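S.K.: Numbering (my numbering), first residue to last: 995 to 1470. We put the CB at the ideal spot given by N, CA and C, even for glycine. Keep in mind the model is a prediction, meaning the values are calculated, not measured. Provided herewith is a single structure, encoded as structure tokens, for subsequent inquiry.
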Ligand code: BGP
């Protein structure tokens, strides 16, 4: 006998569900060298992760201007409000606050900018959610210190957090410590600010860097509770459900091992200690980390909630001849039953319900879906006397994923909210393109840097507005 649900969930989402959208500073702000901002690793990644970082900033880096949110934030937040956003997730650029990462004093101009963003959100009654570190480590901490492989970064991060919590603690309730923390294993420079080429890094280097981030996250969580007792601190995980390619037990065990590589982060964030399977992996592979007694104590400061991004699932196989396919930064074996986006990211709405049940059962912490969406090549067309994008493919993608969030809620999963990724078009993290668009709002800027930067409402803008105003009841 199975326990399959036979009646699809319908109707509105729970009262107070936080609907909104998400972006990251380096992908929207531009003004990369204004307002006293120092360079971040993104300023030397003009091709995202597809090519080696450059020595210094190059003029072909779209993020130098990005979508000019630095100057247009008021207009953009007004558009979010028009859609009915209850929450807006954005990141603070660390190098806007501490230009070199190791400065003794913060840059007041940077703090003033985020103060203005918060004013605007408050004016519209939108709850802010802040990612403290979203793939934008100050360049000096990467090149001058070796990024997160260096224990000193814990102290710099704490200094940065203290400034944010003291300045904005009475205005921001939701904080995320590190974006997609598990991606350090795959993208050491972008995720961990580690400058050495991947091939030269040992597993010990990578896990030591991750350990430093986990300790920094736990210490920030403790500090948050002291400075702003009403705040909620969450971890942020790149969620990637893994399915066995075949029913062979070898594939199933391999799938479990791959899943463990990501679960480990949530396990430590939520349970406050290293799980046995990871300690075994360290033993089996001669990985000997510097973990102090104080670190073990610090790690006990566990998170209040679990946030995650979800774009796709992958398969796993024990057969060495099975090829991995194109996908997001984590790679993986393609699922023969699924379609993919134009960038090869396979579309699997039910995977979202699977991962939500899984995380809830494992950690028993409220969940927040803080990224989800589809990158597509939108075309601006004339309609009803104005310019728009007929992005029915985006509406379908988001509708189908939100239906699965509703299923997970019906399954008993506690869910705080949902923020669609790139609610306004942003520069892509992996490819640094503007043509990979996620937004409800089209931004007239192109891969060659041309464009007016004007904003246009896409068809999905009106659709999301209806979904929010009906609290989810309008989903198909
Ligand atoms: C996540 C990142 C985001 C974002 C998103 C989409 O990995 O947290 O910063 O960009 O993926 O990825 P991409 O921009 O590569 O399409």
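Please identify the residue among 1420, 1313, 1461 whose C-alpha is closest to the C-alpha of residue 978.
M.R.: The structure shown has nothing for residue 978, since the chain only spans 995 to 1470.
S.K.: Which one of 1236, 1390, 1257 has the shortest CA to CA distance from residue 1326?
M.R.: As a working mapping, residue 1326 is identified with position 332 in the chain shown. Out of 1236, 1390, 1257, 1236 has the C-alpha closest to the C-alpha of residue 1326.
S.K.: By alpha-carbon positions, which one of 1166, 1430, 1229, 1232 ends up nearest to residue 1221?
M.R.: Locating residue 1221 in the chain shown gives position 227, where the first residue counts as 1. Here the closest residue by C-alpha is 1166.
S.K.: Assuming residue 1361 and residue 1408 form a contact by the criterion Cβ under 8 Å, report the distance between their Cβ atoms to the nearest whole angstrom.
M.R.: Position 367 of the chain shown, counted from the start, is the residue given in the question as residue 1361. Position 414 of the chain shown, counted from the start, is the residue given in the question as residue 1408. Between residue 1408 and residue 1361 the Cβ distance is about 7 Å, and since that is below 8 Å, they are a contact.
S.K.: Note down the Cα distance separating residue 1018 from residue 1452, rounded to an integer number of angstroms.
M.R.: Working through the chain shown from its first residue, we reach residue 1018 at position 24. Working through the chain shown from its first residue, we reach residue 1452 at position 458. Each residue's alpha carbon lies about 21 Å from the other.
S.K.: By DSSP, does residue 1417 sit in helix, in strand, or in coil?
M.R.: Counting from one through the chain shown, the residue named residue 1417 turns up at place 423. Residue state, collapsed to three classes: coil.
S.K.: Fully enclosed by the region 1058-1132, which alpha helix (DSSP H) runs are 4 residues long or longer?
M.R.: Listed in chain order, they are 1063-1077, 1088-1091, 1102-1117.
S.K.: Going by CA-CA distance only, name the one from 1334, 1176, 1313, 1382 that's closest to residue 1203.
M.R.: For this step, residue 1203 is matched to residue 209 along the chain shown. Of the listed residues, the one whose Cα sits closest to residue 1203 is 1176.
S.K.: Measuring CB to CB, does residue 1073 end up less than 9 Å from residue 1198?
M.R.: Taking the first residue of the chain shown as 1, we reach residue 1073 at position 79. Taking the first residue of the chain shown as 1, we reach residue 1198 at position 204. Cβ atoms of residue 1073 and residue 1198: not closer than 9 Å.
S.K.: Excluding the 5 residues flanking residue 1054 on each side, which residues of the same chain have their C-beta closer than 6 Å to its C-beta?
M.R.: Here the question's residue 1054 lines up with position 60 in the chain shown. 1040.
S.K.: Residue 1184 bridges to which residues according to DSSP?
M.R.: Here residue 1184 is taken as the residue at index 190 of the chain shown, counted from 1. Note: residue 1184 sits in no beta bridge, so no partner.
S.K.: Could you give the distance in angstroms between the alpha-carbon of residue 1414 and the alpha-carbon of residue 1194?
M.R.: Taking the first residue of the chain shown as 1, we reach residue 1414 at position 420. Taking the first residue of the chain shown as 1, we reach residue 1194 at position 200. One C-alpha to the other measures close to 36 Å.
S.K.: What do you reckon, is the C-beta of residue 1423 under 8 Å from a heavy atom of ligand 1?
M.R.: Position 429 of the chain shown, counted from the first residue, corresponds to residue 1423. Answer for residue 1423: yes, Cβ within range of ligand 1.
S.K.: For residue 1124, tell me which candidate among 1106, 1300, 1083 has the shortest Cα-Cα distance.
M.R.: Mapped onto the chain shown, residue 1124 falls at position 130. For the residues 1106, 1300, 1083, the minimum Cα distance to residue 1124 belongs to 1083.
S.K.: Please tell me whether, using a cut-off of 8 Å, the distance from the CB of residue 1232 to the nearest non-hydrogen atom of ligand 1 is below it.
M.R.: Within the chain shown, residue 1232 is the residue found at index 238, counting from 1. Yes - ligand 1 has a heavy atom lying nearer than 8 Å to the Cβ of residue 1232.
S.K.: Going by beta-carbon coordinates alone, are residue 1056 and residue 1338 separated by less than 9 Å?
M.R.: Taking the first residue of the chain shown as 1, we reach residue 1056 at position 62. Taking the first residue of the chain shown as 1, we reach residue 1338 at position 344. Not a contact, by the Cβ cut-off of 9 Å.
S.K.: Considering only their Cβ atoms, is the gap separating residue 1029 from residue 1090 smaller than 9 Å?
M.R.: Looking up residue 1090 in the chain shown gives position 96. Looking up residue 1029 in the chain shown gives position 35. In this structure, residue 1029 lies closer than 9 Å to residue 1090 by Cβ.
S.K.: Would you call residue 1114 buried or exposed, if buried means 16 or more other Cβ atoms sit within 10 Å of its Cβ?
M.R.: Counting from one through the chain shown, the residue named residue 1114 turns up at place 120. Residue 1114 is buried by the Cβ-count criterion.
S.K.: So the candidates are 1218, 1035, 1372, 1226; which of them puts its Cα closest to the Cα of residue 1137?
M.R.: As a first step, residue 1137 is located in the chain shown; it is residue number 143 there, counting from the start. Of the candidates 1218, 1035, 1372, 1226, the one whose C-alpha sits nearest the C-alpha of residue 1137 is 1035.
S.K.: Using a 10 Å radius around the Cβ and a threshold of 16 neighbouring Cβ atoms, would you call residue 1359 buried or exposed?
M.R.: Residue mapping note: residue 1359 aligns to position 365 of the chain shown, counting from 1. By the neighbour-count rule (16 or more Cβ atoms within 10 Å), residue 1359 is buried.
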